[in-house]
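Each remark here refers to the structure printed beneath this line.
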Amino acid sequence: MKRTAADRLILLTGGPGSGKTTLLDALASEGYRVAPEAGRAIIRDQLAIGGQALPWKDAALFAEQMLQWDLRSHAEACAVEAYTFFDRGVPDIVGYLRLSGLPMPEHVTRAAERCRYWQKAFILPPWPEIFTQDAERRQDLEEAMRTNDAMVTAYSDLGYELVEVPRASIEERAAFVLRGSASRSASQSAARRRPAQPRP
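For the sequence shown, full-length UniProt numbering assigns the number 1 to the initial residue and increments by one for each residue that follows.
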């Protein structure tokens, strides 16, 4: 079967505090190309400038900012031959809008349908023992669990197959994801590239 650019785009999803960013950092440290999460970066930037695109101020504007970020990340990853591991993607915005009880704009639906990733997405389940809050992550554990459920529904509705990453050491989690994704690749070296740099 002929591979497409989408087959090189591998998503990590789940609720906040489930270990996605730590796992992505581990993959980056091994030389894999990664795309950082839009939400945390946008919150950090908006807090720094006193902006309004924050989930607790203007959730719809926050979602739009995440969409623009994820569209750019998707386009950048499609333009290179390397495999890219994403900390969330366009499907997560669908889940976020539903979770927030906001209307689903038609352009978000079109983006989720057109900007495709590999058909299997890795989901990290809620993990109370490692869950923490900080200035950028204000959700409590209950909301984190609701977020996980919203992502399961959104990804399933969009036709993705979810593969649950076990609660284990970071090394074991990274190995699990690499085994699950590398089975499609004839060459491991094709997956290794300089990590994508976070936007300023």
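For glycine and all other residues, C-beta sits at the position ideal for the given N, C-alpha and C.
> Which word fits S42, buried or exposed, when buried means at least 16 other C-beta atoms lie within 10 angstroms of its C-beta?
Replying inline: Walking along the sequence shown from the start, residue 42 turns up at place 42. Reading off the sequence, residue 42 comes out as Ile, not Ser. Result: buried.
- prompt: For L23, which residues of its own chain have a beta-carbon under 8 Å away from its beta-carbon, when the five flanking residues on both sides are left out?
  reply: Start at 1 with the first residue of the sequence shown, and residue 23 comes out as number 23. Contacts found: L12, L124, V165, I170, R173, A174 and V177.
- prompt: Is D87 helix, strand or coil by DSSP?
  reply: Taking the sequence shown and counting its residues from 1, the one referred to as residue 87 is at position 87. D87 falls in the strand class under three-state DSSP.
Excluding the 5 residues preceding and the 5 following S187 in the sequence, name in chain order all residues of the same chain whose CB lies nearer than 7 Å to its CB. By one-based count along the sequence shown, residue 187 stands at place 187. For S187, the predicted structure reports a pLDDT of 38, less than 50, and the residue's modelled location is therefore unreliable. A value from the coordinates is still provided. Taken in chain order, the list of residues that qualify is empty.
Q. First and last residue of the beta strand (DSSP E) that includes L9?
A. Residue 9 sits at position 9 when you count from the first residue of the sequence shown. Start and end: L9 to G14.
(message) Excluding the 5 residues flanking S181 on each side, which residues of the same chain have their C-beta closer than 6 Å to its C-beta?
(response) Your numbering for residue 181 matches position 181 in the sequence shown. Here the set comprises I10.
Where P198 sits in the DSSP three-state scheme: Residue numbering aside, residue 198 sits at position 198 when the sequence shown is read from its first letter. Its pLDDT being 47, under 50, P198 is placed unreliably by the model, and the measurement read from it follows with that caveat. In the structure shown, P198 sits in coil (DSSP, three-state: anything other than H, G, I, E or B).
- Pull up the DSSP beta-bridge partners for A121, would you. Within the sequence shown, numbered from 1, the residue matching residue 121 stands at position 121. DSSP output for A121 lists L162 as bridge partner(s).
Element boundaries [beta strand (DSSP E), containing V80]: Your numbering for residue 80 matches position 80 in the sequence shown. Note, V80: premise wrong, no beta strand (DSSP E); not H, not E.
Could you check what DSSP says for A35 in three-state terms: helix, strand or coil?
Here residue 35 is taken as the residue at index 35 of the sequence shown, counted from 1. It is a strand residue.
- Going by C-alpha distance, which of T4, G101, A168 and M66 is nearest V90? On the sequence shown, residue 90 is found 90 positions in, with the first residue counted as 1. The shortest Cα separation from V90 among T4, G101, A168 and M66 belongs to M66.
*asked:* Please classify H74 as buried or exposed, where buried requires at least 16 other C-beta atoms within 10 Å of its C-beta.
replied: Start at 1 with the first residue of the sequence shown, and residue 74 comes out as number 74. Buried: at least 16 other Cβ atoms inside 10 Å.
>> Considering only their Cβ atoms, is the gap separating A6 from Y160 smaller than 8 Å?
In response: What you label residue 160 is simply residue 160 of the sequence shown in a count that begins at 1. What you label residue 6 is simply residue 6 of the sequence shown in a count that begins at 1. Taking 8 Å as the Cβ cut-off, Y160 and A6 do not qualify as a contacting pair.
Three-way DSSP call (helix, strand, coil) for W56 in this model: Here residue 56 refers to the residue found at position 56 when the sequence shown is read from its first residue. Coil, per DSSP.
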